[in-house]
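Step one of this worksheet: look at the structure below.
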Amino acid sequence: MEGLKECEANLVVYLHPSKAKCAGDAILSELSSLLFTYNETFEGVVLAYDPNICSNLAKILPGIQPYFGVKLKARLLLFNPKPDMVVEGEVVKITPQSIHAVVLGFSSAFIADEDIRHDFKHKIKRGKEVYVSRTHKKHKIKVGTTLRFIVKSFDEEILHISGSLVADHTGCARWLDKNLDEWSQADSTIKKRKSGEGEHEKPRSDRLMVQREILSLENDGQVKKAKKKKKNIVES
Amino acid sequence: MGVPDMDELSFTDSELDYHVRNALKAVVQGDCDFYNQLVAVIHHKERLVAEEVALLVTCLKAVTGAVSSIHIAHHRSLLAAIFGMSLWDYGTDVMDALVELLVSLASSSGEYVDLCLEMLVGNFIPPSAPPSASYFVELLKQPRGLAKKNQVLDRVHSTLKDIATVVPLSPLRLEKIVRDRMPNIYTKEPFIVMYVENMLRLESGVMGELVGSTILIALVDRLIDLDVEIAWDEILQDDFHKGIFDMELEDLEGHADHIEQDCNELTREALIQRFFSGNLVAEKLDSLMVLTFEHLRSCAESGRLVQVFEILLQSFQKTILTAYKSKFAQFVMFYACSLDPENCGKMFADLLLNIFVSSLNPEWRMSAVAYLASYLARAKFVPVSSVAAMLESVVNWCFLYCKNQEGDINPKAHKVFYAGCQATMYVLCFRMRQMLVIPRLKSQLCLMRIEDILGHPLKPLQVCLPSIVEEFLRLVKANHVFSLPQSFVEYGMLESENSRAFGGMERFDMFFPFDPCLLRKCDSYIRPNYVYWSMVRSTYDEDDGEGTSDEDVEEAYASRNGMSIPDDGSGRSYDDEGHSDADEFDHYLDKMSITPRDSSNKFGGRMQRFMQMPSKIRPSASPESL
Chain A
1 MEGLKECEAN
11 LVVYLHPSKA
21 KCAGDAILSE
31 LSSLLFTYNE
41 TFEGVVLAYD
51 PNICSNLAKI
61 LPGIQPYFGV
71 KLKARLLLFN
81 PKPDMVVEGE
91 VVKITPQSIH
101 AVVLGFSSAF
111 IADEDIRHDF
121 KHKIKRGKEV
131 YVSRTHKKHK
141 IKVGTTLRFI
151 VKSFDEEILH
161 ISGSLVADHT
171 GCARWLDKNL
181 DEWSQADSTI
191 KKRKSGEGEH
201 EKPRSDRLMV
211 QREILSLEND
221 GQVKKAKKKK
231 KNIVES
Chain B
1 MGVPDMDELS
11 FTDSELDYHV
21 RNALKAVVQG
31 DCDFYNQLVA
41 VIHHKERLVA
51 EEVALLVTCL
61 KAVTGAVSSI
71 HIAHHRSLLA
81 AIFGMSLWDY
91 GTDVMDALVE
101 LLVSLASSSG
111 EYVDLCLEML
121 VGNFIPPSAP
131 PSASYFVELL
141 KQPRGLAKKN
151 QVLDRVHSTL
161 KDIATVVPLS
171 PLRLEKIVRD
181 RMPNIYTKEP
191 FIVMYVENML
201 RLESGVMGEL
211 VGSTILIALV
221 DRLIDLDVEI
231 AWDEILQDDF
241 HKGIFDMELE
251 DLEGHADHIE
261 QDCNELTREA
271 LIQRFFSGNL
281 VAEKLDSLMV
291 LTFEHLRSCA
301 ESGRLVQVFE
311 ILLQSFQKTI
321 LTAYKSKFAQ
331 FVMFYACSLD
341 PENCGKMFAD
351 LLLNIFVSSL
361 NPEWRMSAVA
371 YLASYLARAK
381 FVPVSSVAAM
391 LESVVNWCFL
401 YCKNQEGDIN
411 PKAHKVFYAG
421 CQATMYVLCF
431 RMRQMLVIPR
441 LKSQLCLMRI
451 EDILGHPLKP
461 LQVCLPSIVE
471 EFLRLVKANH
481 VFSLPQSFVE
491 YGMLESENSR
501 AFGGMERFDM
511 FFPFDPCLLR
521 KCDSYIRPNY
531 VYWSMVRSTY
541 DEDDGEGTSD
551 EDVEEAYASR
561 NGMSIPDDGS
571 GRSYDDEGHS
581 DADEFDHYLD
591 KMSITPRDSS
601 NKFGGRMQRF
611 MQMPSKIRPS
621 ASPESL
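Listed in order, the protein sequences are those of chains A and B.
Going by full-length UniProt numbering, the first sequence opens with residue 1, and the numbers climb by one from there.
Going by full-length UniProt numbering, the second sequence opens with residue 1, and the numbers climb by one from there.
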């Protein structure tokens with residue numbers, strides 16, 4: 001995942017005189033106020049900090065309130081997704097027109113249907129919405145999947161990412177990692193047969209499908225879909 | 001605005017989807033025909049027939065599918081139409097379609113998050129523009145209206161939750177919006193009450209952890225706003241002048257009989273009625289306080305009261321304590337403490353003590369010690385051993401203070417000290433008898449340096465409120481606890497310049513925050529855990545000067561550890577012996593405050609002769625207690 005970087009910052013934190021007794025805590029709370037907001041100085045969203053106070057001496061600002069400045073070096077973890085970076089997030093919602101994900105637990109990502117490559121088809125399986133790749137049936141995106149996608153834009157105000165799944169190296173992160181050779185060699189126009197690894201897994205998932213079918217038989221109404229599902233698997 | 005002809009729009013759902021998307025794209029190129037029709041459909045909200053509803057639902061769903069094509073600059077009118085909709089105007093089908101659209105919008109781009117949240121928060125209350133406002137006020141009184149309310153609010157809250165799932169940072173925005181959009185104190189009661197209901201619902205929901213503290217703080221702020229809106233002179237209306245309010249509040253009850261004789265037309269109920277009927281602000285405050293109490297109770301039931309209380313404490317410190325003589329809002333703290341005396345009650349008292357002992361601002365210290373004294377005196381659930389411990393801390397501080405002071409009376413310079421002394425005496429007026437019953441506490445009390453303080457050249461007895469001093473000295477004499485120097489009879493009998501001075505212009509010397517609560521509904525929550533003066537006073541009332549029977553005290557406080565006191569029993573334990581004049585007041589006791597009947601020699605009694613001020617200022621001059 002891109003977009004994360006660590007940096008070392010030289011900071012001066014100005015503290016209210018009333019905080020003189022507990023400067024350490026006050027520094028931490030000042031730094032905490034940076035969290036989860038986009039900071040132009042650092043060019044990113046501060047996710048974590050590790051302050052290192054350089055000296056016990058502080059500079060006192062003249063004024064009605066004699067604020068004192070403490071110098072410190074802090075290692076900061078920053079998040080700054082830029083267009084074309086590849087980031088990952090957890091899928092939280094799928095609709096026929098969009099995929100919604102949450103990146104790093106706080107930043108929402110939206111992928112509109114124009115940005116989902118044609119290879120992915122929206123389906124409803126057992127009442128749950130999924131995107132399934134037409135070429136690789138095992139490549140699925142459902143709620144809970146870790147999704148790898150490309151950043152199209154980033155709204156610094158509300159930390160909203162607009163993403164894209166057009167490129168081949170995007171989709172379900174787990175599948176992509178496992179089946180590196182498949183998609184990396186694949187020309188998007190040529191359908192590739194499954195590699196040995198994929199075959200290996202097939203029997204197991206077939207069993208799963210059977211089980212699922214039994215389960216779904218119990219829900220009336222769902223029977224037909226379940227059968228179709230099975231057909232698909234056999235064909236593939 | 002014309003509704004598009006139905007025939008023009010004969011598409012299937014999927015076609016409509018496609019057309020809507022195209023229409024949205026066409027706008028960018030300048031072709032607005034279909035787009036305008038769409039906007040018109042969404043705008044149309046009056047008296048929809050079934051087909052129109054169906055059309056509206058379909059359009060909303062179609063727009064939901066096409067959110068990625070909506071652009072904030074090109075589709076202003078569409079967005080305005082959507083955000084101008086109110087869930088209250090539609091049936092459940094439209095509501096569902098609309099909230100789905102909102103979730104999609106909020107998650108499609110950061111620009112819409114605030115707008116969506118604002119719209120949802122706007123739906124906390126029904127549309128309050130003039131014509132519909134009164135319609136909804138009426139509607140909400142019927143079962144149909146309540147069903148509608150549930151339909152709308154359930155959706156609003158579940159949608160907020162849905163948005164938070166897709167946009168994890170949305171609660172951050174939400175807390176600001178909820179706070180900013182909170183109705184001001186001039187809003188009609190049903191609306192502000194409903195808004196607060198929603199706030200509290202948010203607080204107790206999944207997002208409570210994220211937005212809860214802001215919400216509670218905003219709520220307390222609003223309570224204070226309402227509180228300060230009720231001026232003292234509103235409580236002390238002109239009509240009350242006759243014979244009633246020119247006496248100390250605690251005397252009110254005692255004088256009720258005179259009043260009835262003097263001016264028959266002013267019955268007690270009528271006075272209460274008069275106070276409340278004109279006072280919309282008091283009614284609003286009353287309702288909001290009750291909501292808050294109920295919320296606290298539900299927090300206590302779900303075991304998160306302490307968590308909530310910590311936030312309340314911060315808020316108390318910042319707003320209630322610093323507000324000038326808050327009258328009612330502080331009962332939120334009182335009630336919370338009564339729900340969990342071991343934790344909350346202790347935290348509250350500790351905080352107050354801490355502010356008194358170590359804060360930098362003398363006004364806050366005086367205010368804090370006044371709160372502490374009033375709390376210790378009035379809270380039935382505070383065990384007397386804790387009272388003694390707190391009292392000891394206050395006394396110790398006072399002792400250390402005066403030990404280092406030379407010189408004579410100086411109310412201005414030593415006002416914090418005098419406030420501490422007054423607090424000590426005030427608490428003892430209420431609790432001394434109780435302490436004396438328990439040998440350990442009796443010795444603890446006797447070991448406190450109270451005599452040293454009161455006998456110090458700073459002469460607190462001459463400075464503190466004469467009514468308190470007088471009552472305190474009477475008690476001391478009756479119980480032979482302290483040997484106070486000199487004949488103190490002449491002390492405190494007159495309100496000297498001194499006693500006015502230490503409170504300053506603000507009259508902090510007259511501030512007893514937990515005097516009987518004047519708000520009718522609130523009072524019923526407070527009463528079971530509340531010590532009225534009558535409950536204490538009566539314990540030595542009759543046998544003044546002779547030995548007094550300890551059982552009475554025991555009885556008055558008997559339920560201090562339990563919270564369940566039968567309502568009608570709470571105020572009467574003292575009355576068993578049956579005073580001649582007590583009976584006729586019996587039926588009022590539920591409602592009312594303390595109040596020695598014999599005002600000439602009881603607590604606060606003499607004041608009326610010497611001072612007119614207090615009655616005009618003190619909140620406890622409750623119409624309730626009339």
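Backbone N, C-alpha and C fix where the C-beta goes; we use that ideal spot for every residue, glycine too.
Here the structure is a predicted model, which means the values were calculated and not measured.
Requested in this report: In the DSSP assignment, find the unbroken alpha helix (DSSP H) run with B:P130 in it and report its ends.
Outcome: The residue labelled residue 130 of chain B in the question sits at position 130 within the second sequence. It spans P130 to L139 - the alpha helix (DSSP H) in which B:P130 sits, taken as one unbroken run.
Report task. Output, in chain order, the set of chain A residues within a Cβ distance shorter than 7 angstroms of B:P168. Result -> Residue 168 of chain B sits at position 168 when you count from the first residue of the second sequence. Within 7 angstroms Cβ-Cβ: V102, G105, F106 and S108.
Query raised in the report: Should A:E88 and A:H136 be called a contact, given that it needs their Cβ atoms to be closer than 8 angstroms?
Result: Taking the first sequence and counting its residues from 1, one reaches residue 88 of chain A at position 88. Taking the first sequence and counting its residues from 1, one reaches residue 136 of chain A at position 136. Contact: no.
Report task. Note down the Cα distance separating B:Q151 from B:V394, rounded to an integer number of angstroms. Result -> Within the second sequence, numbered from 1, the residue matching residue 151 of chain B stands at position 151. Within the second sequence, numbered from 1, the residue matching residue 394 of chain B stands at position 394. Approximately 54 angstroms, taken between the alpha carbons.
Query raised in the report: Going by C-alpha distance, which of A:P66, A:Y67 and A:S29 is nearest A:D50?
Result: Your numbering for residue 50 of chain A matches position 50 in the first sequence. That would be A:S29, whose Cα lies nearest to the Cα of A:D50.
Query raised in the report: For B:V41, which option in B:L48, B:F34, B:K176 and B:L56 has the closest C-alpha, if you only look at C-alpha atoms?
Result: As a first step, residue 41 of chain B must be located in the second sequence, where it is residue number 41. Ranked by Cα distance from B:V41, the options B:L48, B:F34, B:K176 and B:L56 are led by B:L56.
Query raised in the report: Based on Cα-Cα distance, which residue from B:V290, B:A423, B:S298 and B:N361 lies nearest to B:T322?
Result: Working through the second sequence from its first residue, we reach residue 322 of chain B at position 322. With distances taken between Cα atoms, B:T322 lies closest to B:N361.
Report task. Can you give me the start and stop residues for the beta strand (DSSP E) that A:F110 sits inside? Result -> Locating residue 110 of chain A in the first sequence gives position 110, counting from the first residue. For A:F110, the enclosing beta strand (DSSP E) has its first and last residue at S107 to A112.
**Report entry** Residues of the segment 151–167 of chain A with Cβ closer than 8 angstroms to any Cβ of chain B, in chain order
**Finding:** D155, E157, I158, L159, H160 and S162
Report task. Starting from A:E88, follow its DSSP beta bridges and name the residues at the other end. Result -> Along the first sequence, read from residue 1 onward, the residue named residue 88 of chain A stands at position 88. Partner(s): A:R148.
Query raised in the report: Should B:P168 be labelled buried (16 or more other beta-carbon atoms within 10 Å of its own) or exposed?
Result: Residue mapping note: residue 168 of chain B aligns to position 168 of the second sequence, counting from 1. Buried, since its Cβ has 16 or more Cβ neighbours within 10 Å.
**Report entry** Under the three-state DSSP convention, the category A:G69 falls into
**Finding:** By 1-based counting over the first sequence, the position of residue 69 of chain A is 69. Residue state, collapsed to three classes: strand.
**Report entry** Exposure of B:Q29, with buried meaning 16 or more beta-carbon neighbours within 10 Å
**Finding:** Position 29 of the second sequence, counting from 1, holds the residue named residue 29 of chain B. Result: exposed.
Requested in this report: Using a Cβ cut-off of 9 angstroms, pull out every chain B residue sitting near A:E114, in sequence order please.
Outcome: Position 114 of the first sequence, counting from 1, holds the residue named residue 114 of chain A. Result: S68 and S69.
Query raised in the report: Which residues, taken in chain order from the segment 5–35 of chain A, show a beta carbon closer than 9 angstroms to some beta carbon of chain B?
Result: Of all residues in the segment 5–35 of chain A, none comes within less than 9 angstroms of chain B when Cβ atoms are compared.
Query raised in the report: If the cut is a Cβ gap below 8 angstroms, which residues of chain A does B:S108 touch?
Result: Position 108 of the second sequence, counted from the first residue, corresponds to residue 108 of chain B. Result: S98, F110 and A112.
Query raised in the report: For B:Y186, does the count of other Cβ atoms within 10 angstroms reach 16, so buried, or fall short, so exposed?
Result: Walking along the second sequence from the start, residue 186 of chain B turns up at place 186. Taking all protein chains in view, the Cβ of B:Y186 is surrounded by fewer than 16 other Cβ atoms within 10 Å, so the residue is classified as exposed.
Query raised in the report: What span of residues does the alpha helix (DSSP H) with B:H43 cover, start to end?
Result: Taking the second sequence and counting its residues from 1, the one referred to as residue 43 of chain B is at position 43. D33 to H43 is the span of the alpha helix (DSSP H), which, as asked, contains B:H43.
Query - Nearest-angstrom Cβ-Cβ length linking B:F83 and B:F334, presumed shorter than 8 angstroms - result: The residue labelled residue 83 of chain B in the question sits at position 83 within the second sequence. The residue labelled residue 334 of chain B in the question sits at position 334 within the second sequence. Actually they are not in contact, since the Cβ atoms of B:F83 and B:F334 sit about 42 angstroms apart, beyond 8 angstroms.
Query raised in the report: Residues of chain A with CB under 7 angstroms from B:T322, in chain order?
Result: Working through the second sequence from its first residue, we reach residue 322 of chain B at position 322. Under the 7 angstroms cutoff, chain A gives no residues; its nearest Cβ is about 16 angstroms from B:T322.
Requested in this report: Could you check which residue in B:H75, B:S69, B:L102 and B:H74 has the C-alpha nearest to that of B:M85?
Outcome: As a first step, residue 85 of chain B must be located in the second sequence, where it is residue number 85. With respect to the C-alpha of B:M85, the residue from B:H75, B:S69, B:L102 and B:H74 having the closest C-alpha is B:L102.
Query - Nearest to B:L24 (by Cα), restricted to the options B:L60, B:G65 and B:I70 - result: One-based indexing of the second sequence puts residue 24 of chain B at position 24. Ranking the options by Cα distance to B:L24, first place goes to B:I70.
Query - CB of B:G91 within 8 angstroms of CB of B:V53, strictly - result: Looking up residue 91 of chain B in the second sequence gives position 91. Looking up residue 53 of chain B in the second sequence gives position 53. For B:G91 and B:V53, yes; Cβs fall inside 8 angstroms.
Report task. Show which residues of chain B have a CB atom less than 9 angstroms away from the CB atom of A:K93. Result -> Counted from its first residue, the first sequence places residue 93 of chain A at position 93. Chain B residues near A:K93: V103, S107, D162, T165 and V166.
Query raised in the report: For B:C32, which residues of its own chain have a beta-carbon under 8 angstroms away from its beta-carbon, when the five flanking residues on both sides are left out?
Result: Along the second sequence, read from residue 1 onward, the residue named residue 32 of chain B stands at position 32. The answer, listed in chain order, is A26.
Query - Sequence-distant residues of the same chain with beta carbon closer than 7 angstroms to A:V210, five excluded per side - result: What you label residue 210 of chain A is simply residue 210 of the first sequence in a count that begins at 1. Residue placement at A:V210 is poorly supported in this model, since its pLDDT is 40, which falls under 50; the coordinates are not used for a value here.
Query - Backbone secondary structure at A:F79 - three-state DSSP - result: Numbered from its first residue, the first sequence carries residue 79 of chain A at position 79. If DSSP states are grouped into helix, strand and coil, A:F79 belongs with the strands.
Requested in this report: Can you tell me which of B:D225, B:C116, B:L140 and B:L115 puts its alpha carbon nearest to the alpha carbon of B:P126?
Outcome: The count along the second sequence starts at 1 and reaches residue 126 of chain B at position 126. If we check each option's Cα against that of B:P126, B:L140 comes out closest.
Requested in this report: Just the chain A side, please: which residues come within less than 7 angstroms of B:V113 by C-beta, in chain order?
Outcome: One-based indexing of the second sequence puts residue 113 of chain B at position 113. Result: I158.
Query raised in the report: If you drop the 5 nearest sequence neighbours on each side, which residues of the same chain put their C-beta closer than 8 angstroms to that of residue 240 of chain A?
Result: Any answer about residue 240 of chain A is impossible in this case: the structure gives chain A only from 1 up to 236.
Query - Closest Cα partner of B:M347 within the set B:E363, B:L461 and B:F309 - result: For the purposes of this step, residue 347 of chain B is taken as the residue at position 347 of the second sequence. B:M347 has its Cα closest to that of B:F309, out of B:E363, B:L461 and B:F309.
Query raised in the report: With which residues is A:I99 paired in a DSSP beta bridge?
Result: As a working mapping, residue 99 of chain A is identified with position 99 in the first sequence. Paired residue(s): A:I94 and A:I111.
**Report entry** Residue-chain proximity (B:G65, chain A), Cβ-Cβ < 8 angstroms
**Finding:** Position 65 of the second sequence, counting from 1, holds the residue named residue 65 of chain B. At a cut-off of 8 angstroms, the C-beta of B:G65 has a neighbouring C-beta in chain A.
Requested in this report: Using three-state DSSP, classify B:I125 as helix, strand or coil.
Outcome: Numbered from its first residue, the second sequence carries residue 125 of chain B at position 125. Of the three classes helix, strand and coil, the one that applies to B:I125 here is coil, per DSSP.
Report task. Determine the direct distance from the alpha carbon of B:S107 to that of A:D119, and round the result to whole angstroms. Result -> Counted from its first residue, the first sequence places residue 119 of chain A at position 119. Counted from its first residue, the second sequence places residue 107 of chain B at position 107. When rounded, the distance between both Cα atoms is 24 angstroms.
**Report entry** Cβ-Cβ distance between B:V369 and B:F356 below 8 angstroms
**Finding:** Residue 369 of chain B sits at position 369 when you count from the first residue of the second sequence. Residue 356 of chain B sits at position 356 when you count from the first residue of the second sequence. For B:V369 and B:F356, yes; Cβs fall inside 8 angstroms.
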